[in-house]
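Working notes, structure below.
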């Protein structure tokens, strides 16, 4: 178990081989193979990670990525379908929320409107029973439980209200408080119980920008003062970068990367993380070997090492693209857009058909040629995750169509036998005169990303699905379409779609490459 | 061009006339009858006469007890039903609510007579057990009035508050007592007013179910009117009106605070 549960985290990556056990002692909560399934949808898929005592951890990801479900499983509102949640080494996966030493700050505060501020904050304390040692008649030591006294409760409530800067509000009605004040009360209500872990479910989502920024700093300060472990759920990458010690980036119920804010920003593991965290220029490129990479029609020096000629994704942060003297930079282009952003300008430069976003404090003219440089250590190269769409469970139906992801696509079955042709009955006739019937034949299908057509009208395509993610790669989008049966199509397209759009998919018959699984002789028709 | 400018308030005119004819004038008439004698002279004798009679006091007491008992029983029966119907895991709640509401669509007199016959067939004779049979009839008739407002309030309960309570260490029964019950209080008050006052003043149910063996306020008004004692009947009506008004004032504060729909008053 120890090795399987080995943390994916950066702190884990550094320590887990040598001083694993020392490291484990500081672990407050650990998720081992945690999966949450609701009906047939997997909200959380095999999560393995741990959180150290006193750490500020953020779960970051777009809506539906599983971050809230994970938090709710730690709080006890939901239970994992599989896996263990170890709190201080003990499995708490089946404990109800009221028996867990964790408290939650809810997204919409969830304060009790029929109680005033004091009673809201004191709610948990009034229910608490604390153990004390006493001797019974026979002189044996026994542990008994008692309620907190009114005085103890009052002292703790006052302290908690002081921490959130609302000392004077004890007797106010909840409904008379502003959103920000309600949020503070919700935090006070949770921390007054001195939980081992404080769970925060997008607590700043309902506040306006300025208030949010202030609360971010205050929360960070609170975390420092209280020394409690914070687990924070957010979809706001800036918030996560500002506040966290460790960020867990999630997408589609899967952990994409765990690391410090610096790691995640500077060394994103894949195109999704790079796109989601901060602004970035993402390109498809080719690793030339010998620490050289080709993208934007130029061969750049770089510091990463990959197998030669491998297709890669390249990330360049907008602030890392530096203007050079015209004609003397690595790449030349034309500035097409200029937006003033306060502390810097944001430019769009066209290099051929590729866009490059640049952030610079220099004011430049648009419409004129410019040159830019990118330093080798600021070019981050990632393994390309998807090279083409492969379906290994496809098969041919009665009408010589191939069934992919539940849809029947027209295809060219003659490619299964070189030089063959179709007769009028639909049998494949080989040059040597043999007749093949490929009905129900299992095939491996491979379709290039650029060969999948996305169609607006759901009826016009073969299979319908929802766009679940979209990443801009300099001159085109990479779109992930997921069907209701959880099958994915990844398509390269020049057109802009919206996330959650319902679309359909079509593939030209000649673009479907098929390989027969098993012997071709099996399908000979006599 | 018309010289009379059309104003939207004229739309209220038909109802205004209706109100004056059928609400205000009758009310004034009742008041006038209540405080006059047969010759039309002002008198308080009706009032003193009513409270002077032990059987009248008894009627008010019995009405009050039956009203209170019916309210409690209906709440005890209806609250869990509404609670489970409003639970978010409940499938097709509207269909089941409909099932509880449906008896209200059947003619009231027919329904009550049928209930009596059903009880008779089951061996419960209204003449022999007037109180028990009346109570059963009352509960049967007023249960929907409890379920509906309670259900409406409970569907509006914020589930995250229940989760918050559990998160803060409250066991399920503690969450129920400390969160669910107080938060559904407006629904309870609303349901109680919808049951208590009509029960006190109803006379068909007690008449039919109790086979005229017991007398509620409504029955005594009817009795006076049947005997042509208009003045006595009117004073009872005024007393009942005051009782209801008193009840309204008593529950008004809770109502205003929570602003809950579903109160028919």
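Residue numbers (the working numbering), protein chains in the order written: chain A, 10 to 535; chain B, 220 to 484.
Beta carbons are placed, not taken as given, at the ideal position from N, Cα and C, and that holds for glycine.
| query | Smallest Cα separation from residue 433 of chain B: which of B/269, B/281, B/324 and B/306? | reply | Across the set B/269, B/281, B/324 and B/306, the C-alpha of B/281 shows the shortest separation from the C-alpha of residue 433 of chain B.
| query | Of all the options A/248, A/141 and A/328, which has the alpha carbon lying nearest to the alpha carbon of residue 153 of chain A? | reply | Scanning A/248, A/141 and A/328 for the CA closest to the CA of residue 153 of chain A turns up A/141.
| query | Under the DSSP definition of a beta bridge, which residues are partnered with residue 418 of chain A? | reply | For residue 418 of chain A, which the question treats as bridged, DSSP gives the partners A/411.
| For the 8 Å Cβ check, are there 3 or more pairs between the stretch 337-349 of chain A and the stretch 314-326 of chain A? | When C-beta atoms of the stretch 337-349 of chain A are compared with those of the stretch 314-326 of chain A, fewer than three pairs fall below 8 Å, so the two segments do not count as touching.
| message | What does the Cβ neighbour count give for residue 249 of chain A, buried or exposed, with the cut at 16 atoms within 10 Å? | response | Under a 10 Å Cβ-count criterion, residue 249 of chain A is classified as buried, with 16 or more other Cβ atoms of the shown protein chains found around its own Cβ.
| message | Per DSSP, what are the beta-bridge partners of residue 404 of chain A in this structure? | response | For residue 404 of chain A, the beta-bridge partners assigned by DSSP are A/412 and A/451.
| request: Kindly indicate which residue of A/367, A/210 and A/327 has the alpha-carbon position closest to the one of residue 112 of chain A. | output: The candidate whose alpha carbon is nearest that of residue 112 of chain A is A/210.
| task | Look at the alpha carbon of residue 416 of chain A and the alpha carbon of residue 46 of chain A, and state the distance between them as a whole number of angstroms. | result | Going from the Cα of residue 416 of chain A to the Cα of residue 46 of chain A covers about 25 Å.
| said: List, in chain order, every chain A residue whose beta-carbon is nearer than 9 Å to that of residue 297 of chain B. | reply: None at all; the shortest Cβ gap to chain A is about 21 Å.
| field | Interfacial residues, the stretch 204-218 of chain A to chain B, with Cβ spacing under 8 Å | value | Result list empty, no residue passes.
| task | Decide if residue 372 of chain B is buried, meaning its Cβ has at least 16 other Cβ atoms within 10 Å, or exposed. | result | Of the residues assessed, residue 372 of chain B falls on the buried side of the cut-off, its CB having 16 or more other CB atoms within 10 angstroms.
| field | Neighbour flag for residue 382 of chain A against chain B, beta carbons, 8 Å | value | Proximity of residue 382 of chain A to chain B, defined by a Cβ-Cβ separation below 8 Å, is not satisfied.
| query | So which of B/366, B/344, B/374 and B/251 has the shortest CA-CA distance to residue 309 of chain B? | reply | Minimum Cα distance to residue 309 of chain B is reached at B/374.
| task | Taking residue 233 of chain B as the query, report the chain A residues whose CB atoms sit under 9 Å from its CB, ordered along the chain. | result | Ordered by position in chain A, no residue passes the 9 Å Cβ test against residue 233 of chain B, which lies about 40 Å from the chain.
| message | The alpha helix (DSSP H) that contains residue 549 of chain A, what's its start and end? | response | No statement about residue 549 of chain A is possible, as the shown extent of chain A runs from 10 to 535 and does not include it.
| message | Looking only at its chain, what residues have a beta carbon closer than 6 Å to the beta carbon of residue 385 of chain A, apart from the 5 residues adjacent to it on each side? | response | Cβ neighbours of residue 385 of chain A beyond the five flanking positions: 310, 311 and 312.
| In angstroms, rounded to a whole number, what distance separates the CA positions of residue 91 of chain A and residue 280 of chain A? | Straight-line Cα distance between these residues: approximately 29 Å.
| said: Given this structure, state the Cα-to-Cα distance separating residue 324 of chain A from residue 488 of chain A, to the nearest angstrom. | reply: Computed Cα separation, rounded: 18 Å.
| message | Starting from residue 199 of chain A, trace the alpha helix (DSSP H) in both directions and tell me its first and last residue. | response | Run containing residue 199 of chain A: 188-200, per the alpha helix (DSSP H) assignment.
| said: Here's the rule: buried if 16 or more other CB atoms are within 10 angstroms of the residue's CB, otherwise exposed. What is residue 237 of chain B? | reply: Counting of Cβ neighbours within 10 angstroms places residue 237 of chain B among the exposed residues, the total staying below 16.
| said: Please classify residue 446 of chain B as buried or exposed, where buried requires at least 16 neighbouring CB atoms within 10 angstroms. | reply: The residue is exposed, with fewer than 16 neighbouring Cβ atoms inside 10 Å.
| field | Per-residue burial, residue 103 of chain A [other beta carbons within 10 Å of its own, 16 or more giving buried] | value | Counting every other CB atom within 10 Å of its CB across the protein chains shown gives residue 103 of chain A a total below 16, marking it as exposed.
| task | Return the CA-CA distance between residue 398 of chain B and residue 171 of chain A, expressed in angstroms with no decimal places. | result | When rounded, the distance between both Cα atoms is 26 Å.
| field | Anticipated Cβ contact below 8 Å, residue 383 of chain A with residue 329 of chain A, distance rounded | value | Taking C-beta atoms under 8 Å as the contact rule, residue 383 of chain A and residue 329 of chain A qualify, at a distance of about 6 Å.
| said: Comparing C-alpha positions only, which one of A/80, A/287, A/232 and A/109 sits nearest to residue 208 of chain A? | reply: When only C-alpha atoms are compared, the closest one is A/80.
| request: Taking only beta-carbon positions, decide if residue 330 of chain B is within less than 8 Å of chain A. | output: So, not an interface residue.
| With 16 other Cβ atoms within 10 Å as the buried cut-off, status of residue 449 of chain A | Answer is exposed; the Cβ neighbour count stays below 16.
| Minimum C-alpha distance to residue 382 of chain B - residue among A/144, A/161, A/119 and A/190 | Residue 382 of chain B has its Cα closest to that of A/119, out of A/144, A/161, A/119 and A/190.
| query | Who are the near neighbours of residue 519 of chain A in its chain, counting only those whose CB is closer than 7 Å to its CB and skipping five residues on each side? | reply | If we look at residue 519 of chain A and ignore the five residues flanking it on each side, its Cβ neighbours are 421.
| task | Tell me, to the nearest whole angstrom, how far the beta carbon of residue 410 of chain B is from that of residue 365 of chain B; I am working on the premise that it is less than 8 Å. | result | Yes, they are in contact, since the Cβ atoms of residue 410 of chain B and residue 365 of chain B sit about 4 Å apart, within 8 Å.
| query | How many angstroms separate the CA atom of residue 264 of chain A from the CA atom of residue 39 of chain A? | reply | Their Cα atoms are separated by approximately 14 Å.
| request: For chain A, find out if any of its Cβ atoms is closer than 8 Å to the Cβ of residue 388 of chain B; answer yes or no. | output: Yes, residue 388 of chain B counts as interfacial toward chain A.
| message | As an exercise, report each continuous alpha helix (DSSP H) stretch of at least 4 residues that is fully enclosed by the stretch 251-290 of chain B, in chain order. | response | Within the stretch 251-290 of chain B, the runs of alpha helix (DSSP H) that reach at least 4 residues and sit entirely inside it are, in chain order, 264-271.
| message | Contact criterion: CB-CB distance below 8 Å. Does residue 382 of chain B meet it with respect to chain A? | response | Put simply, the CB of residue 382 of chain B is near chain A, with a gap under 8 Å to one of its CB atoms.
| Per DSSP, what kind of secondary structure is residue 269 of chain A in: helix, strand or coil? | Residue 269 of chain A falls in the coil class under three-state DSSP.
| query | Near residue 307 of chain A, what residues of its chain come up, given a Cβ to Cβ distance below 7 Å and the 5 sequence neighbours on each side ignored? | reply | If you ignore the 5 residues before and after residue 307 of chain A, its C-beta comes within less than 7 Å of the C-beta of 339 and 340, all in its own chain and listed in chain order.
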